[in-house]
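**Student:** As you go down the protein sequences, you meet chains A and B in turn. When you line the first sequence up against this note's numbering, it's residues 818 to 1377, in that order. When you line the second sequence up against this note's numbering, it's residues 11 to 589, in that order. In this text, a Cβ means the ideal position worked out from N, Cα and C, and glycines have one as well.
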Amino acid sequence: MRYLWWLVRSQWPRALRGSVVGTAWMIGLAVRPWLIARAIDDGLRAGDTRALLTWVGAIIVAGVVVAWLGIMRHRTMTFLREDATARSSQVVLHHIARLGAVLPRRVPAGEIATVCGTDVSQASWALTMTGPGVGAVLAYATASVVLWSVDPMLALFVLLGVPVVVLVVGPLLNRLQGVDTGYRHELGILTSRAGDIVAGLRVLAGVGGRDLFARRYAARSQSLLQQGYRVGSIMSWVQALTVGIPALFLAAIVWLSARMAAEGQITVGEMVAVYGYAAILSVPVWFLLEGGFMTVRGLVAARRIIAVLRVQPDAGAAGPAPHGPADLHDPQSGLTVPVGRMIGVAAEDPAAAIALADRLARYVSSEVSWGGLPIAGVDPAEIRARILVADHDSYLFPGTLREVLRTRHDVTDAQLAAAVHTASADDIVESLPGGLDGQIEARGSNLSGGQRQRVRLAQHLLAEPDVLILVDPTSAVDSHTEARIADRLHEHRTGRTTVVIATSPLLLDRTDLVAFLRDGQVAAAGRHDELLETEPGYRALVARDAAEPESDAARVGALR
Amino acid sequence: MKALPVADRGTVRRSVAELARAEKRSLILALVLHVAAAIAGLASPWLVGRIVDRVTAGAAAADVDTFALAIAGCVLAQILLSRTAQNVGNRFGERANARLREDFVARTLRLPIAVVERAGTGDLATRSSVDVATVGNAVRQVVPTVLISVIRLLLVVVAAFLLHPLLGMLILAGAPTTLAVARWYLRRAPQAYLAEGEAASELTESLTATAEGARTVEALRLTEERIREGTARVARQWQTRRATLALRSVFFPVVEAGYALPAAAMLLAGGYFLSEGWVTLGAVVAATLYAQQSIEPVDHIMIFLEQAQRGVASLARVLGIGLVAPEPRGVASAPPGQRLVVRGVRFCYAGGHDVLHGIDLEVRPGERLAVVGPSGAGKSTLARLLAGIDAPREGVVSLGGVPVTDLDPAERRRRIALVTQEHHVFIGTLRDNLAFAAPGATDGDMLSALVAVGADWYAELPDGLDTELGDGARALNPADAQQVALARLVLADPHTLILDEATAALDPTTARRTERSLGAVLHGRTVIAIAHRLYTAHDADRVAVLADGRVTELGSHDDLVRGDGAYAALWRSWHGDKA
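Right, here's the structure in full:
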């Protein structure tokens, strides 16, 4: 509620205007029946042409004024809602952009999509209550006064009758929504089945089974058809009754007012006007009913928005980082990353290597020291600015290739070209329509696995961190390309600290030093060719033709 | 990218006419009932008019009761008639919808896969979801509402016409301006609303991307970047919504102001007719009430016009799928042999240069052939030609002497299977996900297929083969999903397998696990492996090196290494030998 109130308060002049215009519009709706009544009584019945002309003119003018009020109301309310939508979107945007790695752990991505896609706009719709909602109450009061002046008894009947009719019909409509929800849910499932078939067309083309899927879809569609018949049967009753019950009420009013007219209590014109008021009074009552639903939905939506806004980043330390590049040391594995060198880490268990990377960049709590300082005490912003883990989960945001690659603003075209060259990604630039200005879809979904990996590598190189930790940077590229990347990577990172986590001999051969990790501990360290000679375990891991370790045996068996 | 076709107006009209013909009886029934209901609805103003005349003539209160009762009777009749009419209409709508969506899926399944790939699955996915839903909504809600409104409007005019012909004409006093502004609006609205919808989904996508990539946002310090990007999307949404609001700001007031015209005209003309003694006061009152009654149907028609227009546009896209020639049935009968032969094959993608320049290759039954080469050498293209998905521009790919593209697609798939990086787990049970590969496979067959590919996670499934997978149900990780794909192959049992970098999209750990499961599938089959890892080549019987669309080297691994060509150089560097 406080959130919705904030949305209103931050644009209160607009909300106020909405109320005024909304009220004026609703009252305006009641003017036409009154004018028609006057035209009938003073003009037609009296045979007074002047009066008739005056009232007819008034009807046309009133029509224009009401139309103007109507659109002003709609415009004001639309601006009110859009302002609220934009405000909510901005608040959510700023919050999730700052949260970082905490967010996926606390809130599933689907939740964010619902909050942004549905909840934000539902919260805004609740604001509709502020304009026409207030107007509805006032319009109702005005109509009461007018009706009262015609006849108090008739007024009571109409004023009490209209809400009763709406309250009877409203739940009927709700029930319709309930039945329809089940149907729509099933329809949604059917739609996702069709989408599923489209997504799997290539599989079906490769393996077969199309007829089976067509038959299965048709069977589900037919069962939905039966459900549709049932919903349709209920729906037709509801539709007929929502029109019929108010019509019956109107008939009762006609009967009452006609008797009064016959007895001379009211005029014929007034009788027609009462008929008109009864029809028009339902407008404010409907508004209130719908406004009520919207407010309830808006409150639920606001609560979900608040839930996202409440997620807070992990409380970080604010200590200083070492001045300039410094060694990293991980006591848990015994690994030291020397400044300015490129070291390789070959781990028997890939998970241990990934855990090591997370410790070095303090994505998890760690004992790592950085230039002698415990990294746990360093300001997280400093760590992010200087230590970068380039892993496979790294997300590619949509945009042109140039935008994707340039995560810093001071990147020159020459630097861009150099990174693309190092990552051996020149062919991607060439094959992409538009080259560097070609579009990359979210997650790089319009790239192949190998292309994605090379784009990420170029991107991470361009971030130019003090320490770059590359996790299996070439696992998805062909051997020719891998060889080229291995050659160029060392030169590109000359003088800066780089950790390459990999088991590829092509990559490890080009590092200054290799640490061989067994059971999460550094078991041996040295140059690649030294380790090949001295460490049978290392040789088994990286060179595939030597003594066959467990996983290799299986792989070779796979092709023999 | 070659977009999928969209049906032209003629095709849409024909298909609607066809649908109407098939449902002629229920359509006519609905129409008759709606007309009857609307007539019952129109009786009220006429009766009110009669009351006015009686009252003016000085009737007693009791005299009025009969008319009031008649009004109530008409309303009741209207309720019953319109309920039945709605029900008939709803049933028709449901049937039409079921037929449209089933046709769409059946036609989609018959699309040649090359056409789908060229158009991209995005377009097809939109048609299957958004367009089918839009058409469905139109058939279910818009068409009935517009139909009823048109009937009611026509009858109101007729009723006023019966009171006096001139009064009938005057009901339409507001029509010219309303029609003119509607034309103006409809010409602009679809695009504006389309832009609005796009802007909204772009904003949601942008925010979702920011959330999904939150760790990357932190790692690459993209916070400001993402805020700028998101703010731009918010601004764009605001802008598109202002554009539609601007359209409504013209459309709504003109239509609404027009609503006063019929009543005004009716009163004015009524005054004159009355003074001339052509009509009674009751007739004028009734005609004025009719004029007021004409507002609602016009309002409904105006509200739904835009949706109706969108429905037609979507229908054109849904029907467009039917314009693609379905995948041809084969012309040749099944070949006896298993020998795959490539002779002088050249190939180019539509309008491009040749990517294969005369390939000659013979794959011996039962052998393992590895195809290696740098990216862009044409390896994947060759794989598609071997699998018969594309036909060569020149030359021939034959299986047992029969060109593969002449084989019936189903026959061909039973013999040659192509496994790519893509794997897809269908929504449904694990059994559904396996059974389609081999109709008639027993549970036992499926279980042994799962065991063969090393899908040990099967034991943890709560309901075994009946476990629901995908879309909100249990999600399989990429390696498990790939194992399901491999189990399908075991069941389908083709004699020749083409592996196109089947594990390249997986992370290294997962790739290793998947490769292990491959062994079971490859056993006893001819295998052509497109590989980017050299150990695959090392383990194969023969290696073909592809460069720039030509086979540059062909032979066993040992021969090629001894031959000291490009392959040998690569092998040594990869292997870590400094020699």
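Using a Cβ-Cβ cutoff of less than 7 Å, which residues in the same chain neighbour A:Ala-1134 once the five nearest sequence positions on both sides are dropped?
**Tutor:** Same-chain partners within the cutoff: Ala-1193, Gly-1194, Val-1195, Asp-1196.
**Student:** Is A:Arg-819 helix, strand or coil when you go by DSSP?
**Tutor:** Helix at A:Arg-819.
**Student:** So B:Val-382 is in the beta strand (DSSP E); what residue range does that whole segment cover?
**Tutor:** Looking at the DSSP string, the run of the beta strand (DSSP E) that includes B:Val-382 is 378–382.
**Student:** Look at the alpha carbon of B:Ala-318 and the alpha carbon of B:Leu-528, and state the distance between them as a whole number of angstroms.
**Tutor:** Those two C-alpha atoms are separated by around 53 Å.
**Student:** Applying the 10 Å Cβ sphere with the 16-neighbour rule, what's the burial state of B:Arg-572?
**Tutor:** It counts as exposed.
**Student:** Just reading off the beta strand (DSSP E) that A:Val-1316 is part of, what are its end residues?
**Tutor:** Looking at the DSSP string, the run of the beta strand (DSSP E) that includes A:Val-1316 is 1314–1318.
**Student:** Can you tell me whether DSSP reads A:Trp-829 as helix, strand or coil?
**Tutor:** Correct three-state label for A:Trp-829: helix.
**Student:** Exposed or buried, A:Trp-842, counting other C-beta atoms within 10 Å across all chains shown (16 or more means buried)?
**Tutor:** With 16 or more Cβ atoms within 10 Å of its Cβ, A:Trp-842 is classed as buried.
**Student:** Taking Cβ-Cβ distances shorter than 9 Å, what residues in chain A pair up with B:Ala-70?
**Tutor:** Ala-1079, Glu-1080, listed in chain order.
**Student:** DSSP three-state call for A:Trp-1187: helix, strand or coil?
**Tutor:** It is a strand residue.
**Student:** Just to confirm, are A:Asp-865 and A:Gly-1086 a CB contact at a threshold of 7 Å?
**Tutor:** Result no, Cβ atoms of A:Asp-865 and A:Gly-1086 do not sit closer than 7 Å.
**Student:** Less than 8 Å between the CB atoms is what I'm expecting for B:Leu-134 and B:Val-126, so what's the real figure, rounded?
**Tutor:** The Cβ separation is near 6 Å, so the contact holds.
**Student:** If we ignore side chains and look at the alpha-carbon of each, how far apart do A:Pro-850 and A:Ala-1090 end up?
**Tutor:** Going by the C-alpha atoms only, they are around 5 Å apart.
**Student:** Does any CB atom of chain B fall closer than 7 Å to the CB of A:Tyr-1046?
**Tutor:** Closer than 7 Å: yes.
**Student:** Can you confirm whether A:Ala-760, when its beta carbon is compared against all beta carbons of chain B, has any partner nearer than 7 Å?
**Tutor:** Chain A is shown only over 818 to 1377; residue 760 of chain A falls outside these bounds and no answer can be derived.
**Student:** Could you give the uninterrupted runs of the alpha helix (DSSP H) lying entirely in the region 1218–1269 of chain A, keeping only those of 4 residues or more?
**Tutor:** Runs of the alpha helix (DSSP H) inside the region 1218–1269 of chain A: 1218–1222, 1230–1239, 1243–1248.
**Student:** Using beta-carbon positions only, say whether B:Ala-71 and A:Arg-1076 come within less than 7 Å of one another.
**Tutor:** Yes, these two residues count as a Cβ contact at 7 Å.
**Student:** Does the CB of A:Glu-1053 have a neighbour CB from chain B at under 7 Å?
**Tutor:** What sits at residue 1053 of chain A in the sequence shown is Ser, not Glu. Cβ-Cβ to chain B under 7 Å: yes for A:Ser-1053.
**Student:** So, does the region 324–335 of chain B touch the region 137–145 of chain B, judging by three or more C-beta pairs under 8 Å?
**Tutor:** Yes, since at least three Cβ pairs between the region 324–335 of chain B and the region 137–145 of chain B fall closer than 8 Å, the two stretches touch.
**Student:** Determine which residues of the region 1088–1118 of chain A have a Cβ less than 9 Å from any Cβ of chain B, and write them out in chain order.
**Tutor:** Result list: Met-1088, Val-1089, Tyr-1092, Gly-1093, Ala-1096.
**Student:** In chain A, what lies closer than 7 Å to B:Thr-226 by C-beta?
**Tutor:** Those within 7 Å of B:Thr-226 in chain A are Ser-1211, Tyr-1212.
**Student:** When Cβ atoms are compared, which residues of the region 430–452 of chain B fall closer than 9 Å to chain A?
**Tutor:** Flagged, chain order: Thr-430, Gln-431, Glu-432, His-433, His-434, Val-435, Phe-436, Ile-437, Gly-438, Asp-442, Ala-445, Phe-446, Ala-447, Ala-448, Pro-449.
**Student:** Given this structure, state the Cα-to-Cα distance separating B:Arg-64 from B:Val-74, to the nearest angstrom.
**Tutor:** Distance between the alpha carbons of B:Arg-64 and B:Val-74 is about 8 Å.
**Student:** For a cutoff of 7 Å on Cβ pairs, would you count B:Ala-267 as touching chain A?
**Tutor:** B:Ala-267 counts as touching chain A.
**Student:** Closer than 7 Å, CB to CB, is A:Glu-1072 near chain B or not?
**Tutor:** First, the residue type needs correcting, since residue 1072 of chain A is Trp and not Glu in the sequence shown. For A:Trp-1072, the answer is yes, since a Cβ of chain B falls inside 7 Å of its Cβ.
**Student:** Hey, is the region 448–458 of chain B in contact with the region 369–387 of chain B, meaning 3+ C-beta pairs nearer than 8 Å?
**Tutor:** No, the region 448–458 of chain B does not touch the region 369–387 of chain B.
**Student:** Does any C-beta atom of chain B lie closer than 7 Å to the C-beta of A:Thr-1008?
**Tutor:** By this cut-off, A:Thr-1008 is an interface position.
**Student:** Counting only runs that start and end within the region 482–561 of chain B, where is the alpha helix (DSSP H) found for 4 or more residues in a row?
**Tutor:** DSSP runs (the alpha helix (DSSP H)) wholly in the region 482–561 of chain B: 488–502, 518–532, 544–549.
**Student:** Is the beta carbon of A:Pro-772 less than 7 Å from the beta carbon of A:Tyr-957?
**Tutor:** Because chain A in this structure spans residues 818 to 1377, residue 772 of chain A falls outside the shown range and cannot be described.
**Student:** Just to confirm my understanding: we take A:Arg-834, look at its own chain, exclude 5 residues before and 5 after, and list those with CB closer than 6 Å. What are they?
**Tutor:** Excluding positions up to five away in sequence, the list reads Thr-893.
**Student:** For B:Gly-223, name the three-state secondary structure that DSSP assigns.
**Tutor:** Three-state result, B:Gly-223: coil.
**Student:** Leaving out the 5 sequence neighbours to the left and right, which residues in its chain are closer than 8 Å to A:Ala-1371 when beta-carbon positions are compared?
**Tutor:** At A:Ala-1371, the pLDDT of 37 sits below 50, so the modelled position is not reliable; the number obtained from the coordinates is stated separately. Here the set comprises nothing.
**Student:** Per DSSP, which one or two residues make a beta bridge with A:Val-1331?
**Tutor:** DSSP output for A:Val-1331 lists A:Gly-1161, A:Gly-1343 as bridge partner(s).
**Student:** Specify the secondary structure class of B:Glu-563 as computed by DSSP and reduced to three states.
**Tutor:** Here B:Glu-563 sits in strand by DSSP.
**Student:** Mind pulling the chain E residues with CB within less than 7 Å of A:Val-1085?
**Tutor:** In summary, chain E is missing from the structure at hand, where the protein chains are A and B.
**Student:** Looking only at DSSP bridge pairs, what is A:Val-1288 linked to?
**Tutor:** A:Val-1288 pairs with A:Ile-1318.
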